[in-house]
Amino acid sequence: MNRTQLPVLDQLQANGLVDEVILFDHERYPRFWDVAIDAGQYAWKTGIVNDARVRYGGILVWLDAGNQVTTEFILNIPNIITQDYQGFWSPKSTSYMGKWTHPGMFKFFKANIKEYKYKSNCNGAAIGFDTTNSTIVNDIILPWFECGLQKDCIAPPGSSRANHRQDQAVLTYLAYAHGHQCTEHIHNFNLQTHRDVACRSTLMELDLQNKLHHPSAIDSPKWERANTIELYNHPEWKYPEDQVPVNIRKPSIPL
């Protein structure tokens with residue numbers, strides 16, 4: 003995101019669709035987390051989850067922005083996490099660890115790839131944690147975060163989206179290494195992922211029905227690759243103008 007998109011978050015909060023907006027402080031974390039560089043290797047997800055654990059505690063659910071939830075999911079997920087899944091929940095994702103985990107990650111953890119290659123991947127788009135469970139914190143959340151801080155762990159040399167799933171690969175390894183399973187289909191939980199592929203058309207349909215609040219994403223030009231490159235060269239754009247960290251502020255030009 004950049005600051006031109008902040009009014010959208012403001013109106014979502016003003017209309018009661020978002021309770022709280024927390025500004026992600028990029029400057030606290032490694033440079034390779036910058037979303038303008040290979041999507042930040044998706045390592046920022048580990049930091050956001052750990053930060054939410056510290057801020058709020060309790061039952062913590064990560065859902066990608068493209069997910070579509072139902073009332074049934076929201077009502078049932080706390081008990082699913084704590085009672086059915088002993089503190090860690092994630093449905094299965096596409097294929098197996100052997101396909102979407104770079105050997106360098108197994109090498110980093112000194113793990114035998116043969117023990118994991120045929121295990122179903124966990125789903126990085128839908129994850130639940132019981133942060134009051136110290137075993138879950140110490141076995142999964144903290145090691146996931148610590149791995150995310152090290153590029154050689156979460157995105158080892160030679161890895162890319164063609165052979166590796168960064169945050170999801172590490173999460174899956176940690177889950178199975180500590181006795182958890184990711185084997186149930188996501189539809190069994192009344193949840194859909196990757197609905198953002200039709201996001202713009204969905205928003206336009208809502209707008210025609212006078213059900214869309216403005217400003218909205220459809221009020222701005224479509225985000226292009228060139229915009230991402232420009233954002234990389236202007237890290238200060240990730241912050242509101244009055245909250246830019248001192249070390250990345252651009253000097254003002256006198257008129």
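So that you can map any letter, position 193 of the sequence shown is 195 in the numbering used here, and since no number is skipped, the others follow by simple counting.
Where is the CB? At the ideal position from N, CA and C, for every residue including glycine.
All values reported here derive from a predicted model rather than from experimental measurement.
Given a cut-off of 8 angstroms, decide if residue 73 and residue 146 are closer than it, judged by their beta-carbon atoms. As a working note, residue 146 is residue 144 in the sequence shown. As a working note, residue 73 is residue 71 in the sequence shown. Not closer than 8 angstroms, so no.
In three-state DSSP terms, what is residue 62? In the sequence shown, residue 62 corresponds to position 60, counting from 1. The DSSP-derived three-state label of residue 62 is strand.
In angstroms, rounded to a whole number, what distance separates the CA positions of residue 150 and residue 29? Taking the first residue of the sequence shown as position 1, residue 150 is located at position 148. Taking the first residue of the sequence shown as position 1, residue 29 is located at position 27. Looking at the backbone, the Cα of residue 150 and that of residue 29 are separated by about 15 angstroms.
Using DSSP's beta-bridge definition, name the partner residues of residue 124. Position 122 of the sequence shown holds residue 124. Answer is 94.
Name the two residues that bound the continuous alpha helix (DSSP H) containing residue 101. Reading the sequence shown from its first residue, position 99 is the one you call residue 101. Bounds of the alpha helix (DSSP H) holding residue 101 are 99-102.
Can you pull the DSSP bridge partners for residue 209? Indexing the sequence shown from 1 puts residue 209 at position 207. Partner(s): none; residue 209 has no beta bridge.
Does the beta-carbon of residue 237, which I'm using as the reference point, lie nearer than 7 angstroms to any heavy atom of the ligand ADP? Ligands are entirely absent from the displayed structure, and the ligand ADP is therefore not among its contents.
For the alpha helix (DSSP H) holding residue 179, just list the boundary residues, first then last. Stepping through the sequence shown from its first residue, residue 179 is reached at position 177. Per DSSP, residue 179 belongs to the alpha helix (DSSP H) from 168-179.
Would you kindly report the start and end of the unbroken alpha helix (DSSP H) that includes residue 34? Residue numbering aside, residue 34 sits at position 32 when the sequence shown is read from its first letter. Element bounds for residue 34: n/a, residue is neither H nor E.
On the CB-based measure, 16 or more other CB atoms within 10 Å of its CB, does residue 249 come out buried or exposed? The residue given as residue 249 occupies position 247 in the sequence shown. In summary, residue 249 is exposed, with fewer than 16 beta-carbon neighbours lying within 10 Å of its beta-carbon over all protein chains present.
Using 8 angstroms as the threshold, is the C-beta distance between residue 60 and residue 134 below it? Position 58 of the sequence shown, counting from 1, holds the residue named residue 60. Position 132 of the sequence shown, counting from 1, holds the residue named residue 134. Yes, they are a contact pair.
Can you tell me whether residue 88 is helix, strand or coil according to DSSP? For this step, residue 88 is matched to residue 86 along the sequence shown. In the structure shown, residue 88 sits in coil (DSSP, three-state: anything other than H, G, I, E or B).
Check whether the region 95-102 and the region 118-137 are in contact - that is, three or more C-beta pairs closer than 8 angstroms. Counting C-beta pairs closer than 8 angstroms gives three or more between the region 95-102 and the region 118-137, which meets the contact rule.
By Cβ distance below 6 angstroms, which residues in the same chain neighbour residue 237 in space, the five residues on each side in sequence not counted? For the purposes of this step, residue 237 is taken as residue 235 along the sequence shown, with counting starting at 1. The answer, listed in chain order, is 250.
Report all residues from its chain with a CB closer than 7 angstroms to the CB of residue 198; omit the five preceding and five following residues, and keep chain order. The residue labelled residue 198 in the question sits at position 196 within the sequence shown. Sequence-distant Cβ neighbours of residue 198 in its own chain, meaning closer than 7 angstroms and more than five residues away, are 67 and 68.
Which residues in the same chain have their Cβ closer than 6 angstroms to the Cβ of residue 9, if we skip the five residues on either side of it in sequence? The residue given as residue 9 occupies position 7 in the sequence shown. When the five nearest sequence neighbours on each side are left out, the beta carbons in the same chain lying within less than 6 angstroms of the beta carbon of residue 9 are those of 217, in order along the chain.
In whole angstroms, give me the CA-to-CA distance for residue 56 and residue 143. Sequence index remark: in the sequence shown, residue 56 carries index 54 (1-based). Sequence index remark: in the sequence shown, residue 143 carries index 141 (1-based). A direct Cα-Cα distance of roughly 11 angstroms separates residue 56 from residue 143.
Here's the rule: buried if 16 or more other CB atoms are within 10 angstroms of the residue's CB, otherwise exposed. What is residue 42? Sequence index remark: in the sequence shown, residue 42 carries index 40 (1-based). Per the 10 Å Cβ criterion, buried.
Residues near residue 94 in its chain [Cβ-Cβ closer than 6 angstroms; skip 5 each side]: Working through the sequence shown from its first residue, we reach residue 94 at position 92. Within the same chain, Cβ atoms closer than 6 angstroms to the Cβ of residue 94 are found at 122, 184 and 185, the five residues on either side in sequence being excluded.
Please classify residue 87 as buried or exposed, where buried requires at least 16 other C-beta atoms within 10 Å of its C-beta. If you number the sequence shown from 1, residue 87 lands on position 85. Buried: at least 16 other Cβ atoms inside 10 Å.
Give every residue of the same chain whose Cβ lies closer than 8 angstroms to the Cβ of residue 219, excluding the five residues on either side of it in the sequence, and list them in chain order. Your numbering for residue 219 matches position 217 in the sequence shown. Exclusion of the five residues before and after residue 219 leaves 7, 10, 201, 202 and 205 as the residues of its chain whose Cβ lies within less than 8 angstroms of its Cβ.
Report back the beta-carbon spacing between residue 38 and residue 233 to the nearest angstrom; my notes put them in contact at under 8 angstroms. Taking the first residue of the sequence shown as 1, we reach residue 38 at position 36. Taking the first residue of the sequence shown as 1, we reach residue 233 at position 231. About 5 angstroms separates the beta carbons of residue 38 and residue 233, which is inside the 8 angstroms limit, making them a contact pair.
According to the Cβ coordinates, are residue 158 and residue 111 closer than 8 angstroms? Mapped onto the sequence shown, residue 158 falls at position 156. Mapped onto the sequence shown, residue 111 falls at position 109. Not closer than 8 angstroms, so no.
CA-CA distance, residue 179 and residue 21? Here the question's residue 179 lines up with position 177 in the sequence shown. Here the question's residue 21 lines up with position 19 in the sequence shown. Taken atom to atom, the span from the alpha-carbon of residue 179 to that of residue 21 is near 35 angstroms.
Element boundaries [alpha helix (DSSP H), containing residue 81]: Locating residue 81 in the sequence shown gives position 79, counting from the first residue. Membership of residue 81 in the alpha helix (DSSP H) is indicated by the continuous run 73-81.
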